[in-house]
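Enquirer: In this note's numbering, the protein residues as written are 572 to 732.
Dropping a structure here in structure tokens format, bear with me for questions.
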Amino acid sequence: MPRRRGFLVGGTLFQIVLAAITALVAEAIVLRLRKQSVASHLQDYSALLTGLLLAVSIPPLAPWWMVVLGTGFAIIIAKQLYGGLGQNPFNPAMIGYVVLLISFPVQMTSWLPPYEIAATTPDMLDTLRMIFTGHTASGGDMTLLRIGIDGISQATPLDTF
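Shown next, in the form of structure tokens:
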């Protein structure tokens with residue numbers, strides 16, 4: 572029976588939806604505070620694109636709050652604080668990514684090994700549990716999921732012996 576690839580599709584798809592909703596809500600709130608037309612500004616889909624770019628650049632099993640935090644920072648600080656679309660000196664999605672990378676380096680660099688060499692692969696339900704609680708149904712976490720070739724040969728475990 573072939574193993575399922577739920578973490579590839581499910582985790583990333585959930586991150587995209589969550590980032591898109593967060594980006595649209597954050598942009599609408601800031602536009603309302605600035606007394607600008609919310610509908611006309613949201614129709615350019617730049618907030619949606621920012622959420623999409625950030626969501627596909629983070630690990631599929633990153634906690635949900637990191638997606639919300641990074642997307643909110645990207646829209647509110649990196650985009651709207653500079654005046655909105657076209658006024659920002661840097662790509663807001665990548666500013667959000669850098670903020671997450673600096674603030675949470677372990678979570679941002681905890682990718683699963685390639686599917687072909689993974690010892691275990693979470694299904695869709697385990698993927699959502701990892702995103703919301705940090706553990707699978709059986710109590711495993713990212714360390715358990717990375718066991719395999721990379722789990723033994725990466726630098727950090729070798730330092731513990």
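Just so it is clear, CB atoms sit at the ideal spot from N, CA and C, and this is done for glycine as well.
Since we're looking at a predicted model, the values are computed, not measured.
Answer with buried or exposed for valine 654, where buried requires no fewer than 16 other C-beta atoms within 10 angstroms of its C-beta.
Expert: Note on residue identity: the sequence assigns glycine, not valine, to residue 654. Its Cβ having fewer than 16 others within 10 Å, glycine 654 is exposed.
Enquirer: Does DSSP put lysine 745 in a helix, in a strand, or in coil?
Expert: One cannot answer for residue 745 here, as it falls past the ends of the chain, which runs 572 to 732.
Enquirer: In whole angstroms, give me the CA-to-CA distance for alanine 590 and valine 601.
Expert: 16 Å
Enquirer: Assign phenylalanine 644 to one of three DSSP states: helix, strand, or coil.
Expert: helix
Enquirer: Cβ atoms of methionine 679 and leucine 672: under 7 Å apart, would you say?
Expert: Cβ atoms of leucine 672 and methionine 679: closer than 7 Å.
Enquirer: Contact defined as beta carbons within less than 8 Å: I believe valine 639 pairs with threonine 583. What is the distance between those atoms, to the nearest angstrom?
Expert: Actually they do not touch by this definition, with Cβ atoms about 16 Å apart.
Enquirer: Run the CB neighbour count on lysine 606, radius 10 Å, all protein chains shown included, and call it buried at 16 or more, exposed below.
Expert: By the neighbour-count rule (16 or more Cβ atoms within 10 Å), lysine 606 is not buried but exposed.
Enquirer: Do alanine 594 and isoleucine 647 come within 7 Å of each other at the CB atom, strictly closer than that value?
Expert: no
Enquirer: Between glutamine 586 and phenylalanine 661, what straight-line distance do the alpha-carbon atoms span, to the nearest angstrom?
Expert: 22 Å
Enquirer: Starting from the C-beta of alanine 633, find all residues in its chain whose C-beta is less than 6 Å away, skip the five residues before and the five after it, and write them out in chain order.
Expert: Gln678
Enquirer: Can you tell me the Cα-Cα spacing of leucine 613 and alanine 599, whole angstroms?
Expert: 8 Å
Enquirer: Any idea if arginine 574 is buried or exposed, counting beta-carbon neighbours within 10 angstroms, 16 or more meaning buried?
Expert: Low confidence applies to arginine 574: its pLDDT is 48, below 50, so where it sits in the model is not reliable, and the reading given next is rough at best. With fewer than 16 neighbouring CB atoms inside 10 Å of its own CB, arginine 574 falls in the exposed class.
Enquirer: Is threonine 704 buried or exposed, if buried means 16 or more other CB atoms sit within 10 Å of its CB?
Expert: exposed
Enquirer: Quick check on this structure: which residue in Ile629, Val588 and Ala618 has the alpha carbon closest to the alpha carbon of asparagine 659?
Expert: The residue among Ile629, Val588 and Ala618 with its C-alpha nearest the C-alpha of asparagine 659 is Ala618.
Enquirer: Considering Cα atoms alone, identify which of Arg603, Leu604, Ile592 and Trp636 is closest to tyrosine 616.
Expert: Ile592
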